[in-house]
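Participant: Structure provided below as structure tokens; questions to follow.
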DNA sequence: CCTTGCGTTGAGAGCGCTCTCACCGGTGTG
DNA sequence: CACACCGGTGAGAGCGCTCTCAACGCAAGG
């Protein structure tokens, strides 16, 4: 159906080699030949098959953003879209396309194995990957794979400094007089959950304050449930730090429905600085998440193939609004 | 680097043909041979190269979700994620992977042309495509491409019945006593903008009510600006229908900051029923957008290659909450 | 004894492409 | 006149895979 290089060559009255040389723009060719080949290609609507090309050159032509085990409900904001977009932008500068690949938790190793054999992919950016997945990472993928989240020997990690952000937020809450600060975390199975918990615990223990941890799931509904739980277990809580804005927004909804003042009675802070953070009442105090910067760095790392430090943490900044 | 079928065959002491037959599971082979080949494949960590396979079979192995010209800021909700996810799920049932491809407005024809030549792709689902893009659609893509949004000869269209949803919403607003109903639309360049406008105008004219149209951009910030505009031009407006929840939420933020009661003074309705719609105060009245159903149908259509009606509209349902 | 049929196997072509290499005719040098 | 050289060109190998086809050994049937 689609015309091949052979078709173009025939139409231009030259050999396949010459056509390839002209279209690929690498070898010598007379102006006349050049012209004829190009004209034929346009006339036939020829587009080279990158898959066939990859087969012979041994170089892939697409970068895969592999998202591990994320139920879309887990994310009430377009996090993955942002990662793919940033990756695509970087890839475009290298003539490389970006593809999204969802890896259901249970079949992640299988899919990754298939990916490893695919000569059309030149590398991958793992998102939200777990230790189990990294452990099973195909050997042939090492060196052309990076991770947004936790790292692994041979797999450099890029992530927001959510530990630092947590410390800063707790500090802010403390400075504004809060002493009974609860934290709504991500789900335990997600690797990005641990560091904020550690930072929170360290800060609370250092200040001699009680540790109040409740697991969430990064959704507004989850934040709602978690807030209910906090209220139930520790009624005297005066501040809540949720590790995602969606959860914080859910928490605020609960508080408002109970007639509890925010931030008067309970301060609420989030994380991510999603668009809706500033549109609620009260506007959400939160910490930025430089997704694009992180994804761009990750993509660049696999495309450039240059040495990368095992872990790169990107600073998050506090955004002071009304809720805390 | 990565082992090839040849390597496996050699390790198992058989020919490449036999190895292919065993691993592909199509031809006869003695139990002993079968065993040896499989063992060798596992031991070497072999994964077949789908690109090479596609080259000979002529069948692609991935379905591309091609999103035309959408700035991520345009969407404050994970619409694209949802489409990709649904597509991936359908694809998985056919052993076909899904890839996301962003098409910047200006380079859409070029990228589509490249896509057409790529033997690794078996088809595409166009999202938010425009007439200009469809006009330039490569011939070899016709028959294996569908559109979520507007259609084209040979390109069946799947979309939510946003015209019907608009009529229903206006009717609801009218029934609850509203008479000066303004509408915040999508950006003019997006093809999904027109039908709701037509439906709104028809309803208003039929009821002898004034038409009050303001363009938005599907973001919360855009909704904010549009609401300001409405207030400025038609201070007596008593209802606003925004064609996305994000815009409706932005509109509500403006009204609240002005001390205007919602829905007391002005009713606000949205479209999409995103997660945050129910978390604001007041909870947003809106219309559902069955993205997954639509995407699944679109993906199935290209994978099944069966005849499809030129246009399939999926019903939207009104969700009555507090804001209207 | 030869034929037929069957289960099993490997040789080989070829998918669309890149790229090395050899070739060809024309020009410049010794 | 022989030689090297050079821009321009095509033949052909081969990337990893699938799949057709022929060949092989062996049992059953005539």
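Protein chains in written order, with the working numbering: chain W, 1 to 324; chain Y, 325 to 648.
Don't be surprised by glycine CBs; every beta carbon is placed ideally from N, CA and C.
Are the C-beta of residue 342(Y) and some C-beta of chain W separated by less than 8 Å?
Facilitator: Closer than 8 Å: no.
Participant: Does residue 539(Y) come out as helix, strand or coil in the three-state DSSP assignment?
Facilitator: Note: residue 539(Y) maps to strand in three-state DSSP.
Participant: Is the separation between the beta-carbon of residue 361(Y) and that of residue 326(Y) shorter than 8 Å?
Facilitator: No, the pair does not count as a contact, with Cβ atoms beyond the cut-off.
Participant: Contact criterion: CB-CB distance below 8 Å. Does residue 412(Y) meet it with respect to chain W?
Facilitator: So, interface residue.
Participant: Determine, using beta-carbon pairs with one atom in the region 416–435 of chain Y and one in the region 474–488 of chain Y, whether at least three such pairs fall under 8 Å.
Facilitator: Flag = no, the region 416–435 of chain Y and the region 474–488 of chain Y do not touch.
Participant: In or out: residue 460(Y) buried (at least 16 other Cβ within 10 Å) or exposed?
Facilitator: Its Cβ having fewer than 16 others within 10 Å, residue 460(Y) is exposed.
Participant: CA-CA distance, residue 19(W) and residue 377(Y)?
Facilitator: About 25 Å.
Participant: Going by DSSP, what residues sit across from residue 152(W) in a beta bridge?
Facilitator: Paired residues: 155(W).
Participant: Would you mind sorting residue 403(Y) into buried or exposed? The rule is 16 or more other CB atoms within 10 Å of its CB.
Facilitator: By the neighbour-count rule (16 or more Cβ atoms within 10 Å), residue 403(Y) is buried.
Participant: If you drop the 5 nearest sequence neighbours on each side, which residues of the same chain put their C-beta closer than 7 Å to that of residue 408(Y)?
Facilitator: Once the five neighbours on either side are set aside, the close Cβ partners of residue 408(Y) are 389, 422, 424.
Participant: Could you name the residues of the region 111–138 of chain W whose beta carbon sits closer than 7 Å to any beta carbon of chain Y, in the order they occur along the chain?
Facilitator: So the list reads 113, 114, 116, 117, 118, 119, 120, 138, given in the order they occur along the chain.
Participant: Quick one: Cα of residue 111(W) to Cα of residue 374(Y), how far?
Facilitator: Cα to Cα, the separation comes out at about 12 Å.
Participant: Less than 8 Å between the CB atoms is what I'm expecting for residue 645(Y) and residue 609(Y), so what's the real figure, rounded?
Facilitator: Between residue 609(Y) and residue 645(Y) the Cβ distance is about 5 Å, and since that is below 8 Å, they are a contact.
Participant: Between residue 200(W) and residue 172(W), what straight-line distance do the alpha-carbon atoms span, to the nearest angstrom?
Facilitator: When rounded, the distance between both Cα atoms is 12 Å.
Participant: Taking all protein chains shown into account, do 16 or more other C-beta atoms lie within 10 angstroms of the C-beta of residue 58(W), making it buried, or fewer, making it exposed?
Facilitator: Exposed: under 16 other Cβ atoms inside 10 Å.
Participant: Could you tell me the boundaries of the alpha helix (DSSP H) in which residue 301(W) lies?
Facilitator: Looking at the DSSP string, the run of the alpha helix (DSSP H) that includes residue 301(W) is 291–304.
Participant: When Cβ atoms are compared, which residues of the region 290–310 of chain W fall closer than 7 Å to chain Y?
Facilitator: Residues: none.
Participant: At a CB-CB cut-off below 7 Å, which residues of chain Y make contact with residue 102(W)?
Facilitator: Under the 7 Å cutoff, chain Y gives 409, 412.
Participant: Hey, would you say residue 123(W) sits closer than 8 Å to residue 145(W), going by beta carbons?
Facilitator: Contact: yes.
Participant: Let me make sure I understand the geometry here. Which of 230(W), 216(W), 138(W), 130(W) has the alpha-carbon closest to that of residue 181(W)?
Facilitator: The shortest C-alpha separation from residue 181(W) is found at 230(W).
Participant: So, does the CB of residue 464(Y) fall closer than 8 Å to a CB anywhere in chain W?
Facilitator: True, the Cβ-Cβ gap to chain W drops below 8 Å.
Participant: Under 8 Å, with one C-beta from each stretch per pair, do the region 213–233 of chain W and the region 251–267 of chain W reach the 3-pair mark?
Facilitator: The answer is yes - the region 251–267 of chain W touches the region 213–233 of chain W, with three or more Cβ pairs under 8 Å.
Participant: In whole angstroms, give me the CA-to-CA distance for residue 160(W) and residue 291(W).
Facilitator: Whole-angstrom Cα-Cα distance: 8 Å.
Participant: With the cut-off set at 8 Å, would you say residue 568(Y) and residue 542(Y) are in Cβ contact?
Facilitator: Cβ distance < 8 Å, so residue 568(Y) and residue 542(Y) count as in contact.
Participant: In this structure, what does DSSP give as the bridge partners for residue 426(Y)?
Facilitator: DSSP lists 391(Y) as partners of residue 426(Y).
Participant: Taking 6 Å as the limit between beta carbons, can you name the residues of its chain near residue 544(Y), skipping five residues before and five after?
Facilitator: Excluding sequence neighbours, residue 544(Y) sits near 400, 570, 573, 574.
Participant: Could you run through the region 498–513 of chain Y and flag, in chain order, every residue whose CB is less than 7 Å away from some CB of chain W?
Facilitator: Flagged: no residues at all.
Participant: On the three-state DSSP scale, how would you describe residue 17(W)?
Facilitator: If DSSP states are grouped into helix, strand and coil, residue 17(W) belongs with the helices.
Participant: Taking residue 127(W) as part of the alpha helix (DSSP H), name the residues at either end of that continuous run.
Facilitator: Residue 127(W) -> not in any alpha helix (DSSP H); beta strand (DSSP E) instead, spanning 121–127.
Participant: Can you give me, in chain order, the residues of the region 559–591 of chain Y that have a beta carbon less than 9 Å from any beta carbon in chain W?
Facilitator: Residues 570, 573, 574, 576, 577, 580, 581.
Participant: Going along the region 363–383 of chain Y in order, which residues come within less than 8 Å of chain W, judged by CB to CB distance?
Facilitator: Within the region 363–383 of chain Y, the qualifying residues are 369, 370, 371, 372, 373, 374, 375, 376, 378, 379.
Participant: So residue 332(Y) and residue 385(Y) are supposed to be a Cβ contact under 8 Å. How far apart are they, rounded?
Facilitator: Going by Cβ atoms, the distance from residue 332(Y) to residue 385(Y) rounds to 20 Å, so no, they are not a contact pair.
Participant: Among all the DSSP beta bridges, which residues are the ones paired with residue 318(W)?
Facilitator: For residue 318(W), which the question treats as bridged, DSSP gives the partners 287(W).
Participant: Along chain Y, in chain order, which residues have C-beta atoms closer than 7 Å to that of residue 339(W)?
Facilitator: In the structure as shown, chain W begins at 1 and stops at 324. Residue 339(W) is therefore absent and cannot be evaluated.
Participant: Taking the alpha-carbon of residue 308(W) as reference, which of 184(W), 157(W), 133(W), 196(W) has the nearest alpha-carbon?
Facilitator: Among 184(W), 157(W), 133(W), 196(W), the Cα nearest to that of residue 308(W) is on 157(W).
Participant: Using a Cβ-Cβ cutoff of less than 6 Å, which residues in the same chain neighbour residue 432(Y) once the five nearest sequence positions on both sides are dropped?
Facilitator: Hits under 6 Å: 392, 457.
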